[in-house]
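The structure appears below as structure tokens.
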Ligand code: NAD
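In the UniProt record's numbering, the protein residues as written are 25 to 537.
Structure (structure tokens):
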């Protein structure tokens, strides 16, 4: 049912089977083996993309480092103008790109559109920011001296992204990096390579129309081995990597060995605390969307509900009742709430998690299972499941990237709930549902949530681009998107200017000749 639609979307995005190989005028050289991209929605082959070889990578780096020389001297507001045009192209192509995201990754069409909207939003943010890349001025201790700091472009920014946000994460990084004067080399997930090709086409066209080198935006394809070309490469001063904690530990170490910078956005294990003062209706909507949206494949997906014993049964019953309403099926059909997992490996991990929680003493209260039959031919559709569990279970401590929600009870005050919430290695997103000011403030206080994102009366999942996004502990500590996240894409320089005829030294040191 989707085949026709998707062909139309691919045509609008300029993706043809014949140009998925080597460079096609866009700055993208790939001549290695082929990766086939199958849709988890219906199992169909969408297209094949060639991977980047070592030789291809050298060509990419040459074009990126050359392009940097042009781009870095262009005034930042003019770079912002180019990013504005890129945002306009995304507005024009929102529907086909949203459709491709939905079809290749398996998220709902609404979420596919939402992802493109996020790209548009970050472009708007970056355009404004292009006039605000300011440093501080400070008073010098020496007479007749002026001291200030400024931010300069860094160089080639390497972007490694995960499958679950196949286009937005790139845009969060690249829109900021571009206005900062950097050029970007992007390695999208090998599970969603066509989304990468589509974005590269859009960016390449905008740079070309402006008479700018296309090397400002480069694409490399393949798995971790292609990612490693960048993590080991001294010509890449910053590697921004989004994905699992396992990947982040390797990337962090490899880049640190050459004293490069990393921006790490890794796994989460996000909880909603439900207190006796929670609005139950809001809680149910927030928890269910958080747990089953994107089939539980968001870094901010709700994994744990920590519920006060006095409202435990009420919340449990309401959530279980809501799960009965969920429609699972093709993500391009807007009547469905839950689409497929990315691939059958993910299905296996989901099944293992459900077995594991029972082995550890948990109780499944909404049965899971893999769906088969008409409409589920890809083998990637699973039923969202709920289990009652304890926080210390190994499986609960682990991020399972699937719609499995764990319920647990707390008693006493909110600090007991916080102990459970913070009692995991990850530190991305967190939420409290309460109308009690004391509980809300305790949750947000120094002794409260230890996560990078802490919400009151909102679920854990989804964030606006205006705030800095990221988390602590095993989530990697990086921040991207809004606020002052741009600073990591630039190098800071402190400047002191002497406008006298004397040469006084700092700290009053005497050195007479
Ligand atoms: P993954 O770690 O398997 O892969 C992510 C990317 O890293 C891919 O492009 C992959 O090819 C690359 N990679 C893997 N090993 C590498 C290595 N040694 N060197 C260089 N590159 C390497 O993750 P995934 O399955 O695609 O995505 C799911 C994970 O991403 C989840 O853990 C999720 O929480 C996390 N995630 C985090 C955020 C965030 O902002 N914190 C956002 C989205 C996803």
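Even glycine gets a Cβ: it sits at the ideal position worked out from N, Cα and C. Remember, it's a predicted structure, so these values are computed and weren't measured experimentally.
- Across the structure, residue 86 and residue 240 are spaced so that their CA atoms are roughly 11 Å apart.
- Listed in chain order, the non-local C-beta contacts of residue 250 below 7 Å within the same chain comprise 75, 76, 211 and 244, local neighbours out to five positions each way being set aside.
- Checking the 7 Å criterion, the Cβ of residue 243 is out of range of every heavy atom belonging to ligand 1.
- Just so you know, the alpha carbons of residue 491 and residue 447 end up roughly 25 Å apart.
- Within a 10 Å sphere around the beta-carbon of residue 523 sit fewer than 16 other beta-carbons, which makes this residue exposed.
- Distances taken from the Cβ of residue 81 to the heavy atoms of ligand 1 include none shorter than 7 Å.
- A direct Cα-Cα distance of roughly 32 Å separates residue 178 from residue 528.
- A distance below 6 Å between beta-carbons, with the five flanking residues on each side excluded, links residue 458 to the following residues of its chain, in chain order: 299, 301, 302 and 464.
- Bounds of any alpha helix (DSSP H) do not take in residue 156, whose DSSP letter is neither H nor E.
- Looking at the DSSP output, residue 453 bridges to 477.
- Excluding its 5 nearest sequence neighbours in each direction, residue 83 has C-beta neighbours in its own chain below 7 Å: 53, listed in chain order.
- Residue 147 and residue 200 have their C-alpha atoms spaced approximately 8 Å apart.
- Note on geometry: alpha-carbon atoms of residue 293 and residue 501 lie some 15 Å from one another.
- Distances from the alpha-carbon of residue 351 to those of 220, 328 and 405 put 405 closest.
- Restricting attention to beta strand (DSSP E) runs no shorter than 3 residues, the stretch 324 to 367 encloses them at 326 to 332, ordered along the chain.
- Residue state for residue 110 is assigned as helix, using DSSP reduced to three classes.
- For residue 225, there is no enclosing beta strand (DSSP E); the residue is found in the alpha helix (DSSP H) stretching over 217 to 233.
- Going by C-alpha positions, residue 266 is about 32 Å away from residue 344.
- Under the criterion of beta carbons closer than 8 Å, residue 319 and residue 362 qualify as touching, at roughly 6 Å.
- A distance below 7 Å between beta-carbons, with the five flanking residues on each side excluded, links residue 268 to the following residues of its chain, in chain order: 290 and 291.
- In the structure shown, residue 493 adopts extended strand secondary structure according to DSSP, grouped into three states.
- Within the stretch 109 to 149, the complete alpha helix (DSSP H) segments at least 4 residues long are 118 to 129, listed from N- to C-terminus.
- Annotation for residue 104 indicates a beta carbon at 7 Å or more from all heavy atoms of ligand 1.
- At a threshold of 7 Å, residue 420 does not count as near ligand 1, since its beta carbon sits no closer than that to any of the ligand's heavy atoms.
- DSSP places residue 287 inside the beta strand (DSSP E), whose first and last residues are 285 to 289.
- Shown here for residue 486: same chain residues with a beta carbon closer than 7 Å to its own, the five before and five after excluded, namely 324 in chain order.
- In this chain, the beta strand (DSSP E) harbouring residue 58 covers 58 to 62.
- Under the DSSP assignment, residue 446 falls in the alpha helix (DSSP H) whose first and last residues are 438 to 446.
- The C-alpha of residue 355 is placed about 6 Å away from the C-alpha of residue 131.
- Around the beta carbon of residue 103, 16 or more other beta carbons sit within 10 angstroms, so the residue counts as buried.
- Contact annotation: residue 429 and residue 315 have beta-carbon atoms nearer than 8 Å.
- The straight-line gap separating the alpha-carbon atoms of residue 193 and residue 505 is approximately 9 Å.
- Taken through DSSP and simplified to helix, strand or coil, residue 198 comes out as helix.
- Sorting 248, 373, 482 and 349 by C-alpha distance to the C-alpha of residue 422 places 373 at the top.
- A direct Cα-to-Cα measurement between residue 100 and residue 516 gives close to 16 Å.
- A straight-line Cα-Cα distance of about 15 Å links residue 238 and residue 203.
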